[in-house]
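J.: Just dropping this structure here.
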Amino acid sequence: MSVYTGHITSPSHPEDSDPASLGSERFRTDFGVRMPYMVGAMYKAISSVSMVTECARAGILVSYGTGGLTLAEARDGIRQIRAAAGSEAPFAVSYMAPLNHPEREVSFVDMLLAENVKLVEAGAFIEVTDQLIRYRAMGLHRSSTGEIIPEHKVIAKLSHPEVARQFVLPPKQRRLDRLVAEEIITPEQADLVVHVPLADAITVEGDSGGHTDGAVLVAAFPAIARLVRSLEMEVSFPHPILMGAAGGLGCPESIAAAFAMGADYVVTGSINQCTHEAGTSDLTKELLASLSFQDTRKCIAGDMFEVGGIVQVVRRGLLFPARAQMLHDVYLNTPSLEAIDPAVRSKLEHQIFKQPISHVKESVRRHVSSERWVVCERDPKVMLASVMKWYFARATRAAIDGDEDWRADLQIQCGPAMGAFNAWAQGTDLEDWRARGVVTIAERLMTVAAQYGPLAQST
1 MSVYTGHITS PSHPEDSDPA SLGSERFRTD FGVRMPYMVG AMYKAISSVS
51 MVTECARAGI LVSYGTGGLT LAEARDGIRQ IRAAAGSEAP FAVSYMAPLN
101 HPEREVSFVD MLLAENVKLV EAGAFIEVTD QLIRYRAMGL HRSSTGEIIP
151 EHKVIAKLSH PEVARQFVLP PKQRRLDRLV AEEIITPEQA DLVVHVPLAD
201 AITVEGDSGG HTDGAVLVAA FPAIARLVRS LEMEVSFPHP ILMGAAGGLG
251 CPESIAAAFA MGADYVVTGS INQCTHEAGT SDLTKELLAS LSFQDTRKCI
301 AGDMFEVGGI VQVVRRGLLF PARAQMLHDV YLNTPSLEAI DPAVRSKLEH
351 QIFKQPISHV KESVRRHVSS ERWVVCERDP KVMLASVMKW YFARATRAAI
401 DGDEDWRADL QIQCGPAMGA FNAWAQGTDL EDWRARGVVT IAERLMTVAA
451 QYGPLAQST
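At position 360 of the sequence shown (counting the first as 1) the number is 360 in the UniProt record's numbering, and the numbers step up by one without a gap.
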């Protein structure tokens with residue numbers, strides 16, 4: 001079986017291609033890596049300690065997927081990575097926007113500060129939070145020459161122009177005054193934070209796996225990049241914000257196109273879930289390796305269930321997307337568990353939950369806080385939502401664990417990039433997912449993308 005080099009129509013010669021010729025040199029120097037490529041975070045440590053360690057050792061930027069982990073699990077993972085890859089290894093820690101749990105964000109930032117985490121990948125933010133400002137501000141100091149040095153770097157992943165605006169412009173003075181009054185930051189930190197953007201880099205995310213707005217990258221990236229450059233003209237920052245592209249990048253052609261649009265760096269996600277380092281099951285990886293680019297679909301998100309949030313998941317051969325929608329329909333049209341139609345209840349218990357609803361309620365009680373359980377018991381609609389959402393958590397765990405009894409109900413968050421990669425790798429050594437290493441994938445994609453020559457070269 002041949003080693004894939006790709007069909008190249010560019011006049012550039014393969015032997016002349018160098019991934020370092022792509023994108024921004026400043027991305028490489030600022031983050032201490034050897035190419036303008038990042039492996040994005042995948043929740044519940046699917047971007048695992050092993051994956052992060054391999055990338056960090058190879059000089060490839062990567063984000064550790066702490067979403068869905070306990071604080072202790074996240075802290076232990078960070079320590080394991082540093083022990084294996086070195087204290088100065090280049091990696092980020094994912095910082096997911098809190099959903100109605102501000103107290104958890106405070107504890108998370110406390111942990112980041114205690115562990116001296118120098119880089120976070122901030123995702124799913126609708127608005128910048130006080131704690132994100134705190135993290136950024138507490139890492140600022142002036143050098144002996146008066147230059148402001150950001151010890152705590154932030155890469156923001158987003159798809160909305162208004163969110164991008166918040167990561168570029170300084171916080172309002174009245175907000176900073178409040179943060180100082182509440183002793184969240186010091187007066188000195190409040191003074192420094194207005195002289196730097198909240199993000200060192202902004203990743204514009206297109207149609208990705210997991211939480212997604214379904215943005216079209218070729219439309220969103222130029223528009224948001226143009227907005228960022230316009231906003232930078234209103235303020236005086238020492239360096240322009242680095243602009244990255246993500247979502248749907250699964251083959252060299254799409255990566256070359258991202259650089260041709262002016263991206264300083266690219267971020268891959270779904271394709272890294274199908275590597276031997278990924279923290280998910282062989283069952284899931286077998287399914288991922290069989291996908292075409294059209295084998296995913298949008299469905300209701302478990303963590304944004306009540307408000308109708310959307311995630312992109314694998315649909316081929318799975319009932320999860322349709323059943324997720326059914327559960328949301330039940331939630332919207334039913335006031336309580338007791339009011340569920342008997343025929344619907346039977347389907348829930350025998351086909352979807354695979355156990356009586358009373359057992360699901362007991363599982364929910366064991367896994368939520370005592371305060372949350374009081375709310376569930378007091379509000380029938382909250383109890384209904386909590387029972388429905390149990391299915392989403394169980395389907396995710398089944399995918400990670402490789403539970404054959406739940407094979408039809410696996411929740412595998414994934415975008416069309418996975419199918420694009422499979423098509424590119426067909427007939428090569430990378431067709432078998434067991435041969436796919438996260439570093440090998442990065443190097444192959446970037447080397448072939450660089451063969452497109454000047455078209456793909458940015459700054």
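Backbone N, C-alpha and C define an ideal beta-carbon position, used for all residues, glycine too.
(1) Taking all protein chains shown into account, decide if Ala220 is buried (16 or more other Cβ within 10 angstroms of its Cβ) or exposed.
(2) As a quick exercise: from Ile155, Thr186, Leu132, Arg104, pick the residue whose alpha carbon is nearest that of His141.
(3) Look at Val62 and Val52 and say whether their C-beta atoms are less than 7 Å apart.
(4) At a cut of 8 Å, does the stretch 25-39 reach the stretch 255-265 through at least three beta carbon pairs?
(5) Using the beta-carbon count (16 or more within 10 Å), is His13 buried or exposed?
(6) Beta-carbon within less than 7 Å of Leu231's beta-carbon, same chain only, minus the 5 sequence neighbours each way: which residues are those?
(7) Can you tell me the Cα-Cα spacing of Glu147 and Leu288, whole angstroms?
(8) Rounded C-beta distance between Val163 and Ile126? I'm assuming under 8 Å.
(9) Starting from the Cα of Gly123, find the closest Cα among Arg75, Ala89, Gly210 and give me that residue.
(10) Roughly how many angstroms separate the alpha carbons of Ala449 and Ala156, rounded to a whole number?
(11) Along the beta strand (DSSP E) that carries Thr268, what are the first and last residues, could you check?
(12) Just confirm the distance between the C-beta atoms of Cys274 and Arg436, as a whole number of angstroms; I'd bet it's less than 8 Å.
(13) Where does Arg444 fall in DSSP's three states?
(14) Let me know the secondary structure DSSP gives Leu119 once reduced to three states.
(15) Residues in its own chain within less than 6 Å of Ala97 by CB, not counting five upstream and five downstream?
(16) Can you give me the Cβ contacts of Ala324 inside the same chain, cut-off strictly under 6 Å, excluding the 5 residues immediately before and after it?
(17) Candidates Trp433, Leu198, Arg82, Gly67: which alpha carbon is nearest Val228's?
(18) Cα-Cα, which of Asp379, Phe421, Thr203 is closest to Ala258?
(19) In terms of residues, what are the limits of the beta strand (DSSP E) holding Thr296?
(20) If you drop the 5 nearest sequence neighbours on each side, which residues of the same chain put their C-beta closer than 7 Å to that of Glu281?
(21) Nearest to Val194 by alpha carbon, out of Asp177, Pro171, Ser208, Ala215?
(22) Drop a sphere of 10 angstroms on the beta-carbon of Asn422, count the other beta-carbons inside from all chains shown, and report buried for 16 or more, exposed for fewer.
(23) Quick one: what does DSSP say Gln312 is sitting in, helix, strand or coil?
(24) With C-beta atoms as the reference, is Ala425 less than 7 Å away from Phe293?
(25) Could you give the residue range of the beta strand (DSSP E) that holds Glu205?
(26) I'd like to check one pair, Pro90 with Gly32: are the Cβ atoms closer than 7 Å?
(27) With a threshold of 16 other CB atoms inside 10 Å of the CB of Ile81, please say whether the residue is buried or exposed.
(28) Within the continuous beta strand (DSSP E) that includes Met243, where are the two ends?
(29) Which residue's Cα is closest to the Cα of Ala385: Lys347, Arg372, Glu306?
(30) At a cut-off of 6 Å, would you count Met35 as near the ligand SAH, judging by its Cβ distance to the nearest heavy atom?
(31) If contacts are defined as beta-carbon pairs under 8 Å, then Glu205 and Leu242 qualify, I think. What distance do you get, rounded to the angstrom?
(32) I need the boundaries of the beta strand (DSSP E) containing Met38, first residue and last residue.
(33) Would you mind stating whether Val154 and Arg175 have Cβ atoms separated by less than 7 Å?
(34) Could you tell me which whole alpha helix (DSSP H) segments of length 4 or greater appear in the stretch 155-203?
(35) Determine which residues share a DSSP beta bridge with residue 462 and list them.
T.: In brief:
(1) The residue you call residue 220 lines up with position 220 of the sequence shown. With 16 or more Cβ atoms within 10 Å of its Cβ, Ala220 is classed as buried.
(2) For the purposes of this step, residue 141 is identified with residue 141 of the sequence shown, where counting begins at 1. Of the listed residues, the one whose Cα sits closest to His141 is Thr186.
(3) Numbered from 1 along the sequence shown, position 62 holds the residue referred to as residue 62. Numbered from 1 along the sequence shown, position 52 holds the residue referred to as residue 52. Contact flag set, yes.
(4) Cβ pair count under 8 Å is three or more, so yes.
(5) Residue numbering aside, residue 13 sits at position 13 when the sequence shown is read from its first letter. Legend: pLDDT at His13 = 42, less than 50; position of this residue unreliable, value from coordinates given subsequently. By the 16-neighbour rule on beta-carbons within 10 angstroms, His13 is exposed.
(6) The residue you call residue 231 lines up with position 231 of the sequence shown. Exclusion of the five residues before and after Leu231 leaves Arg165, Val168, Leu169 as the residues of its chain whose Cβ lies within less than 7 Å of its Cβ.
(7) On the sequence shown, residue 147 is found 147 positions in, with the first residue counted as 1. On the sequence shown, residue 288 is found 288 positions in, with the first residue counted as 1. Within the model, the alpha-carbon separation for Glu147 versus Leu288 is close to 47 Å.
(8) Start at 1 with the first residue of the sequence shown, and residue 163 comes out as number 163. Start at 1 with the first residue of the sequence shown, and residue 126 comes out as number 126. Confirmed, about 7 Å.
(9) As a working mapping, residue 123 is identified with position 123 in the sequence shown. Taking only the C-alpha atoms, the option nearest Gly123 is Gly210.
(10) For the purposes of this step, residue 449 is identified with residue 449 of the sequence shown, where counting begins at 1. For the purposes of this step, residue 156 is identified with residue 156 of the sequence shown, where counting begins at 1. Distance between the alpha carbons of Ala449 and Ala156: 24 Å.
(11) Indexing the sequence shown from 1 puts residue 268 at position 268. 265-268 is the span of the beta strand (DSSP E), which, as asked, contains Thr268.
(12) As a working note, residue 274 is residue 274 in the sequence shown. As a working note, residue 436 is residue 436 in the sequence shown. Indeed, because the Cβ distance is near 6 Å, the residues count as touching under 8 Å.
(13) Walking along the sequence shown from the start, residue 444 turns up at place 444. Residue state, collapsed to three classes: helix.
(14) Here residue 119 refers to the residue found at position 119 of the sequence shown. Here DSSP, grouped into helix, strand and coil, assigns Leu119 to strand.
(15) Taking the sequence shown and counting its residues from 1, the one referred to as residue 97 is at position 97. Excluding sequence positions up to five before and after Ala97, its CB lies within less than 6 Å of the CB of Ala124, Phe125, all in the same chain and listed in chain order.
(16) In the sequence shown, residue 324 corresponds to position 324, counting from 1. The beta carbon of Ala324 lies closer than 6 Å to those of Cys299, Ile300 in the same chain, with the five residues before and after it left out.
(17) Against the sequence shown, residue 228 aligns to sequence position 228. Cα-wise, what sits closest to Val228 is Leu198.
(18) Working through the sequence shown from its first residue, we reach residue 258 at position 258. For the residues Asp379, Phe421, Thr203, the minimum Cα distance to Ala258 belongs to Thr203.
(19) Here the question's residue 296 lines up with position 296 in the sequence shown. Residues 296-300.
(20) What you label residue 281 is simply residue 281 of the sequence shown in a count that begins at 1. Looking at the sequence shown, residue 281 is not Glu but Ser. Correct list, in chain order: Ala399, Ile400, Asp401, Gly402.
(21) Stepping through the sequence shown from its first residue, residue 194 is reached at position 194. Closest by C-alpha distance to Val194, out of Asp177, Pro171, Ser208, Ala215, is Pro171.
(22) For the purposes of this step, residue 422 is identified with residue 422 of the sequence shown, where counting begins at 1. The residue is buried, with at least 16 neighbouring Cβ atoms inside 10 Å.
(23) Against the sequence shown, residue 312 aligns to sequence position 312. Strand.
(24) Stepping through the sequence shown from its first residue, residue 425 is reached at position 425. Stepping through the sequence shown from its first residue, residue 293 is reached at position 293. For Ala425 and Phe293, no; Cβs fall outside 7 Å.
(25) Looking up residue 205 in the sequence shown gives position 205. From DSSP, the beta strand (DSSP E) with Glu205 extends over 201-205.
(26) Counting from one through the sequence shown, the residue named residue 32 turns up at place 32. Counting from one through the sequence shown, the residue named residue 90 turns up at place 90. Between Gly32 and Pro90, the C-beta gap is smaller than 7 Å, which places the two residues in contact.
(27) Looking up residue 81 in the sequence shown gives position 81. Counting other Cβ atoms within 10 Å of its Cβ, Ile81 reaches 16 or more and is therefore classed as buried.
(28) Residue 243 sits at position 243 when you count from the first residue of the sequence shown. Where Met243 is concerned, the enclosing beta strand (DSSP E) stretches over 242-246.
(29) Within the sequence shown, the letter at position 385 stands for residue 385. Among Lys347, Arg372, Glu306, the Cα nearest to that of Ala385 belongs to Glu306.
(30) Because no ligand of any kind appears in the structure shown, any question about the ligand SAH cannot be addressed here.
(31) On the sequence shown, residue 205 is found 205 positions in, with the first residue counted as 1. On the sequence shown, residue 242 is found 242 positions in, with the first residue counted as 1. Incorrect: roughly 15 Å between the Cβ atoms, too far for contact.
(32) As a position in the sequence shown, residue 38 is number 38, starting the count at 1. That run of the beta strand (DSSP E) goes 37-39.
(33) Position 154 of the sequence shown holds residue 154. Position 175 of the sequence shown holds residue 175. Contact flag unset, no.
(34) Taking only runs of at least 4 residues, the alpha helix (DSSP H) segments lying wholly in the stretch 155-203 are 161-168, 173-181, 187-193.
(35) Shown here, the chain extends from 1 to 459; a query on residue 462 therefore has no answer.
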